[in-house]
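Beneath this line is the structure, given in C-alpha cells, with notes to follow.
Numbering (our numbering), first residue to last: 13 to 58.
And the structure:
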C-alpha cells in the first residue's frame with residue numbers, strides 16, 4: 013500500500029513541477045533552501 017501512495021505522489025508532483033515555469037521553479041527551490049537553512053540555524057542555536 014505504501015508503494016501505491018509513493019507512485020501516486022511521484023506522478024502528481026511530476027505533473028505539478030512540469031507545469032511550473034522555470035522562474036517559478038527556481039523561486040520555489042530558493043524558498044525551500046532558505047527555509048531549510050533557517051531551520052538548521054534555529055536547531056543549532058536552540
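Glycine is no exception: its CB is placed at the ideal position from the N, C-alpha and C atoms.
| query | Are the beta-carbon atoms belonging to residue 19 and residue 29 less than 8 Å from one another? | reply | no
| request: Rounded to whole angstroms, what's the CA-CA distance from residue 45 to residue 15? Just pull it up for me. | output: 28 Å
| field | Straight-line gap, residue 40 to residue 21 (C-alpha atoms, nearest Å) | value | 18 Å
| said: Taking 8 Å as the limit between beta carbons, can you name the residues of its chain near residue 57, skipping five residues before and five after? | reply: none
| message | I'd like the span of the alpha helix (DSSP H) that includes residue 58, first residue to last. | response | Taken as a continuous stretch (DSSP letters only), residue 58 belongs to no alpha helix (DSSP H), as it is neither H nor E.
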